[in-house]
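J.:
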Amino acid sequence: MAGLLYRLGRFSARRHWLVIIAWIVIMGIAGLTYSLFAGTISSSITIPNTKTSQVQDELADKFPSANGGNGTLVFETTDGKAFTATQQADVKDFLDGIADLDGVKEVRDGFTTQDQLDEQRQKIVDGRQQIEDGRKQIEDGQAQLDQQKDQLESGKQQIEQAQAQLDQQKAQAEAQAQAAGAAAANSAAAQAGQQQLEQAQAQIDAQQQQITAGEQQIADAQQEIDDNTKKLEDNERELEQGSDLLDLSKDIRFVSSNGAASIGTVQFTKSTFEVPQETKQEISDRAESAKIDGVEVYVSNDIAQGVPSILGPGEIVGVIIAALVLFLMLRTVIGAAIPLLSAVLGVGVATLASLSFSSLVEFISVTPVLGVMLGLAVGIDYSLFILNRHRTQLKAGMGVHESIGLANGTSGNAVVFAGTTVIVALLALNITGIPFLGLMGTVGAVAVLFAILIATSFTPALLSLLGMRILRKKERQQIGHTGSVRVPNKPMSTWRAVVTLVAGIAVLGTIALPATQMRLGLPTGASEATDSSQYKAYKALEDEFGAGQNGPLLVVADLPEAIAKDDVTATEVTIGQALAKNDDVEAVLPIGASSNRDIIAFQVKPAGGPDSVSTETLVKDLREQTVQTDDGTVTLGVAGNASANIDVSEKLANVLPLYLVVVVGLSLIILIVVFRSFLVPITATAGFILSVLASFGGLTAIYQFGWLGSVFGVHDPAPILSFLPIIEIGILFGLAMDYQLFLVSGMREAYAHGASAKVAVQRGLHAGRAVVTAAAIIMISVFAGFIFSESSTIKPIGFGLAFGVLVDAFVVRMLLIPAVMHLLGKSAWWIPKWLDRILPDVDVEGAKLERSHPGDDRGHGAEPAVAGATAGAGAGAHRGSHAADVEPDANPHEGHTPTHRA
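1 is the number of the first residue of the sequence shown in our numbering; add one for each residue after it.
Encoded structure:
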C-alpha cells in the first residue's frame, strides 16, 4: 500500500492539473446526478416491524378510516381572550383550505369538534329528562290501565253473579215444568217464562262479549306499555353507556376552558412518518403566512419538523476556528488553505453523490449532516498530516516531487489505515438491522472514503502546484539547516504515572456517572428553539390542554370475535373503562369500530408528555393488558407518534450492546495486528470505553439533566437522542484508534529500534503530541460548531462527538495511555512467538518505503516523526537531529533514534 500511495503521490505531483481538473469534473458529475436523481429528505425516523408499525398495518387493512397519522395546529388569540365568532370562522376557513392538499384525508377544527362533544353531553342531559318523562307517562298509562282492569274485573263479577242467578232460575223453571207435566210445560205462561230466561241469557252473553273485548283491549294496551317500557330501558341503557363514554373522555378538549386556544387536527392518508415532506412544508408555510386577525397559528413538531440546513452559522464558526488552528500551526495562509479546500471538495463530492440516491433510499434529515460533519473533520486532518510531512521534508532539503511521493507513501499510508478503521466502524452500523442507522453509517463512510481519496491525490496535486511556496520565505532560506533537536531520553517517574492513571480514571468515572441514568428518546417540540412554531405549539398544548395532549396514544383493541352492531357501545364502555384504570391515563376517547366490528380504536390521553417516563411505562402496560368480555379476551395494541418514538428508542437500545461488542472485538483484532501485542490493544480498548462513557455522561448531564443548559442552549431537558449513543460509539471508535495509532506506533517504533520500553513511551508521545493536539483541536472545532445548529437533532450529536474527541485525545491518549504503557514496561509488547509469526506485517508507518527511498537530498539521520499519519507532522522528523545521552538501562544503540515515518 505504501508503494502504491508513493506512486500515486508522484503521479499527482507530475500531473497536478490533470488530477485537479479530474476532481472538479467528478464534483460536476456528482452535482449533475444530484440534480437529476435526488429525492426528498424525511425529518421522521422510522424502523420497520415495530409494534407501532404492526398496529398501523392492521388499521390500514381492517380500519382504513382510523389509519393515517395526525398532525396538530394550535390557534391562540394574541390577547388571551376567547375567540370571537369572526375569528372562529377564519380558523375554519384556514383549515378547509388545508383539506385540499395531497396526502390530507380530512381536517377537523377544534370549535366544531368541541361543539359536538358539548352537544353530546347536553343530549345526555336532555335524554335523561326525556326518559324520565317517558317513564312517568308509562306509569300514568299503567295506572289508568290498572283502573280499567279493576273496572273490568268488577263487571266480570257482576256478570258471573247474574249468570248464577239466571242458572238458578233456569233450574227452578225446569223443576216446575217436570212437576207440572207436559201439558203445563207447553202452556203460554211456561213459554213466556222460558222466553224471559233466554232473553236474560242473551243479555248476559252480550255483556260477556263486551268484557272479553275489553280484556283484549287491556291486554293490547299492556303489551304496548311493556314494549314502551323495554324501549325506555334500552334507551336508558344506551344513554348511560354514552354517558360513561363521555365521562371517560371528559378531560379531552379541543378548545381550552378559557376559550383562548383551539386545536385543529389534520388527518393524513399515511402515517405521519410517511407523509411527504412537501405536504408538511406546505402546511407549515400556510400557517406561517396565515392572516387571521388577533390569532397566532402554530404548527406542531409532527408536521413542522423540517430538514436542517447542512451548514449554519455555528458550523461556519467551527470551520473558521479550524482554519485559525491550521494557520497557527503552519504559520502560512496557503498551507492552512489546502486542508480546508481539500475537505470542502471531499464533502461536496460525497454529499452530492450520496444524496443522488435519495430518490431510491429514504434519507432522514440528519444523515447528510453527519456526512458533512465527519467529512470536514477527517478531511482537514488527513490532508494536514500529509501536508505537514511534506513541509518537514522540504525543509530538510528533499525535492518537491520526491517529498510529495514519500509523504503520500508514509503519512498517506497511515491516513488510509486510520480512515479504513473509521469506515469499517461506520459500515458496521448495518449489522444493527435498522435501515436509517445503516444508511447513516454508509453515508458517513462514503464521506470518510472521499476524504482519504482527496487527501492522497488532490492534496499532492495542490502541493505540486504550489511547489516551494508551501514554505514561508524564512523557511525556504533555511532549507537543509534545520538544526538539531533533543528528544526525551528519560522515562516519566513511576509515581507520576500512578497518580496520572488514578486521577484520570477517577475524573472520567465521575464524568461518566450521569450516564447510568441515561434515557433514550426522539426530539419533541420542547427541544426546538424557543421562538419556533413547534416549541410554541408544544407549550400552548401543555399549558392549555395538559402535557398528554402533545403525545396522545392510539390504542387498538382486537376482539376475540366480531360483535353485533348493537353491542358496539357496550363493548366500547367495557374496554374504555379498563383502559382508564391504568395509572397516568387522563382520558379515553372512542374512535369507532371497524366495518366488520372485530377491532375497536381508542384515543388515550396520557398524564405525561410524549418523552416522560410515565408515558413510556403506560405504553408498556397497555400492551401487556388484556380485557375480559362476554366473548373472551381482548388484546391491545398501541400506536401513535409517542408510541413510535418509544419503539424506535427501545429497538436502538437493544442493538447497542451487540454493536459495542462488535466494535470492541474489531478494535482488539486491529490493534493486535498493528502493534503485535496483547496488552496494548486491551489498554487502548479500555481507554476507548472510558472516553465513550465519559462522553455519554456529559451528554446526559447537559441534555437530559439540563446542567449548563444556558451555555449550550438547552431550555427543556429531555431524553438523549435514541440513535446518538450507537452513532457516537462508531465514530469515536474510529477516531480513538487514529489517535492510538498516531501516538503508540511511535512508541513501538522507538522500542523496536533499541529504546527501553519506558523511554520509548516518552519518545513516541514527544513525536506525536503536537500534530495530535492540532488534529484534535480541529476536529473539536468542527464538531462543536454543530452544537449551535438550528436543529435539536444535530446539537447533541455535535456536542457528543466534540466532547468525546476532547476526552479521548487529551485525557485518554495523551495522559492515561502513556501512564499505563510506562507501568507495563516491556510486558506491554509481549506476544506469543507463534502468534507473532503468523500475524501479517502491517507497515502502517511506511518505514520500508522510507528506507527504499533514502534520497540524496534528504540529509543525514532523522528523529522519529509522529506515529501513524502524524509522521513528520509534529515537532519531529527534523534532519540532522541527535538524541541526548541515554539512560544507563537503555540498549546500546538507543542513543541514536532510528528513522521513523508514518
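A virtual CB, placed ideally from N, CA and C, is assigned to each residue, including glycine.
#1: Helix, strand or coil for residue 49, going by three-state DSSP, please let me know.
#2: If contacts are defined as beta-carbon pairs under 8 Å, then residue 721 and residue 523 qualify, I think. What distance do you get, rounded to the angstrom?
#3: When DSSP labels each residue in this structure, what does residue 108 get in the three-state scheme?
#4: By the 10 Å Cβ neighbour count, where 16 or more other Cβ atoms means buried, how is residue 11 classified, buried or exposed?
#5: Pick out whichever of 632, 417, 678, 569 has its Cα sitting closest to the Cα of residue 839.
#6: Please go through the same chain and pick out, in chain order, the residues whose beta-carbon is closer than 8 Å to the beta-carbon of residue 340, but skip the five residues on each side of it.
#7: Select from 465, 148, 421 the residue whose C-alpha is nearest the C-alpha of residue 444.
#8: Going by beta carbon distance, what residues of the same chain come within less than 6 Å of residue 826, once the five residues before and after it are set aside?
#9: Measuring alpha carbon to alpha carbon, tell me which residue in 298, 333, 704, 612 is nearest residue 531.
#10: Could you please give the first and the last residue of the uninterrupted beta strand (DSSP E) stretch that includes residue 82?
#11: CB of residue 600 to nearest heavy atom of the ligand COA: below 8 Å?
#12: Indicate whether the contact test is met: 3 or more Cβ pairs, each with one atom in the segment 669-676 and one in the segment 484-499, closer than 8 Å.
#13: What residue from 356, 727, 125, 56 has the CA that sits closest to residue 33's CA?
#14: Can the beta-carbon of residue 261 be found less than 9 Å from the beta-carbon of residue 75?
#15: Could you check if residue 289 is buried or exposed, using at least 16 other CB atoms within 10 Å of its CB as the buried criterion?
#16: Measuring straight from C-alpha to C-alpha, what distance separates residue 685 and residue 4?
#17: Between the alpha carbons of residue 682 and residue 820, how many angstroms are there, rounded?
#18: Do residue 605 and residue 252 have their C-beta atoms closer together than 9 Å?
#19: Give the DSSP-derived three-state secondary structure of residue 214 in the structure shown.
#20: Over the uninterrupted alpha helix (DSSP H) stretch that includes residue 460, give me the two end residues.
#21: May I ask which residues mark the beginning and end of the beta strand (DSSP E) holding residue 632?
#22: Decide if residue 8 is buried, meaning its Cβ has at least 16 other Cβ atoms within 10 Å, or exposed.
#23: At what residue ranges does the segment 514-587 contain a whole run of the beta strand (DSSP E), taking only runs of 3 or more?
#24: Thinking C-beta only, is residue 256 closer than 9 Å to residue 544?
#25: Would DSSP call residue 269 helix, strand or coil?
#26: Please report the Cβ distance between residue 541 and residue 549, rounded to the nearest whole angstrom; I am assuming they are in contact, meaning their Cβ atoms lie under 8 Å.
#27: Going straight from the alpha carbon of residue 213 to that of residue 207, what length do you get?
#28: Do the segment 433-451 and the segment 721-735 make contact, defined as three or more Cβ pairs closer than 8 Å?
#29: When burial is assigned at 16 or more other CB atoms within 10 Å of the CB, is residue 237 buried or exposed?
#30: Verify whether the separation of the beta carbon atoms of residue 293 and residue 87 is less than 9 Å.
#31: Excluding the 5 residues preceding and the 5 following residue 332 in the sequence, name in chain order all residues of the same chain whose CB lies nearer than 8 Å to its CB.
#32: Which term fits residue 737, buried or exposed, when burial requires 16 or more other beta carbons within 10 angstroms of its beta carbon?
#33: How far does the alpha helix (DSSP H) with residue 683 in it reach, from first residue to last?
#34: Kindly indicate which residue of 316, 416, 454 has the alpha-carbon position closest to the one of residue 345.
#35: Under the DSSP definition of a beta bridge, which residues are partnered with residue 590?
#36: Once you ignore the five residues that flank residue 639 on each side, which residues in its own chain have a CB closer than 6 Å to its CB?
T.: For this structure:
#1: Along the sequence shown, one-based indexing puts residue 49 at 49. Coil.
#2: Within the sequence shown, the letter at position 721 stands for residue 721. Within the sequence shown, the letter at position 523 stands for residue 523. The Cβ separation is near 7 Å, so the contact holds.
#3: Within the sequence shown, the letter at position 108 stands for residue 108. If DSSP states are grouped into helix, strand and coil, residue 108 belongs with the strands.
#4: Start at 1 with the first residue of the sequence shown, and residue 11 comes out as number 11. Buried, by the Cβ-count rule.
#5: Within the sequence shown, residue 839 is the residue found at index 839, counting from 1. That would be 678, whose Cα lies nearest to the Cα of residue 839.
#6: Reading the sequence shown from its first residue, position 340 is the one you call residue 340. Excluding positions up to five away in sequence, the list reads 319, 322, 323, 326, 380.
#7: Numbered from 1 along the sequence shown, position 444 holds the residue referred to as residue 444. In this structure, 421 is the residue among 465, 148, 421 with its C-alpha nearest to the C-alpha of residue 444.
#8: Reading the sequence shown from its first residue, position 826 is the one you call residue 826. Excluding positions up to five away in sequence, the list reads 757.
#9: Residue numbering aside, residue 531 sits at position 531 when the sequence shown is read from its first letter. Comparing Cα positions, the closest option is 298.
#10: To locate residue 82, count along the sequence shown from 1; it is residue 82. Premise fails: residue 82 is in no beta strand (DSSP E) and is neither H nor E.
#11: You won't find the ligand COA in this model; it holds no ligand whatsoever.
#12: no
#13: Along the sequence shown, read from residue 1 onward, the residue named residue 33 stands at position 33. Residue 356 is the option with its Cα nearest to residue 33.
#14: For the purposes of this step, residue 261 is taken as residue 261 along the sequence shown, with counting starting at 1. For the purposes of this step, residue 75 is taken as residue 75 along the sequence shown, with counting starting at 1. Yes.
#15: Reading the sequence shown from its first residue, position 289 is the one you call residue 289. When all chains shown are included, residue 289 counts as exposed.
#16: Along the sequence shown, one-based indexing puts residue 685 at 685. Along the sequence shown, one-based indexing puts residue 4 at 4. Near 31 Å, if we compare the C-alpha coordinates of residue 4 and residue 685.
#17: Working through the sequence shown from its first residue, we reach residue 682 at position 682. Working through the sequence shown from its first residue, we reach residue 820 at position 820. Rounded to the nearest angstrom, the two C-alpha atoms are 11 Å apart.
#18: Indexing the sequence shown from 1 puts residue 605 at position 605. Indexing the sequence shown from 1 puts residue 252 at position 252. Cβ atoms of residue 605 and residue 252: closer than 9 Å.
#19: Along the sequence shown, one-based indexing puts residue 214 at 214. Of the three classes helix, strand and coil, the one that applies to residue 214 here is helix, per DSSP.
#20: Working through the sequence shown from its first residue, we reach residue 460 at position 460. Unbroken alpha helix (DSSP H) run through residue 460: 459-466.
#21: Translated into positions along the sequence shown, residue 632 becomes position 632. Segment 632-639, the beta strand (DSSP E) holding residue 632.
#22: Translated into the one-based positions of the sequence shown, residue 8 becomes position 8. Counting Cβ neighbours within 10 Å, residue 8 comes out buried, since at least 16 surround it.
#23: 553-558
#24: If you number the sequence shown from 1, residue 544 lands on position 544. If you number the sequence shown from 1, residue 256 lands on position 256. In contact: residue 544 and residue 256 (Cβ atoms closer than 9 Å).
#25: For this step, residue 269 is matched to residue 269 along the sequence shown. In the structure shown, residue 269 sits in coil (DSSP, three-state: anything other than H, G, I, E or B).
#26: The count along the sequence shown starts at 1 and reaches residue 541 at position 541. The count along the sequence shown starts at 1 and reaches residue 549 at position 549. With a Cβ gap of about 5 Å, residue 541 and residue 549 count as contacting.
#27: Position 213 of the sequence shown, counted from the start, is the residue given in the question as residue 213. Position 207 of the sequence shown, counted from the start, is the residue given in the question as residue 207. Roughly 10 Å between the two C-alpha positions.
#28: Note that the segment 433-451 touches the segment 721-735; at least 3 beta-carbon pairs, one per stretch, sit closer than 8 Å.
#29: As a first step, residue 237 must be located in the sequence shown, where it is residue number 237. If you draw a 10 Å sphere on the C-beta of residue 237, you find fewer than 16 other C-beta atoms in it, and that means exposed.
#30: Numbered from 1 along the sequence shown, position 293 holds the residue referred to as residue 293. Numbered from 1 along the sequence shown, position 87 holds the residue referred to as residue 87. Closer than 9 Å, so yes.
#31: Counting from 1 along the sequence shown, the entry for residue 332 is found at position 332. Around residue 332: 470, 471, 472.
#32: Looking up residue 737 in the sequence shown gives position 737. Counting Cβ neighbours within 10 Å, residue 737 comes out buried, since at least 16 surround it.
#33: Within the sequence shown, residue 683 is the residue found at index 683, counting from 1. 679-699 is the span of the alpha helix (DSSP H), which, as asked, contains residue 683.
#34: For the purposes of this step, residue 345 is identified with residue 345 of the sequence shown, where counting begins at 1. Among 316, 416, 454, the Cα nearest to that of residue 345 belongs to 454.
#35: As a working note, residue 590 is residue 590 in the sequence shown. Answer is 602.
#36: The residue given as residue 639 occupies position 639 in the sequence shown. Same-chain partners within the cutoff: 52, 55, 56, 554.
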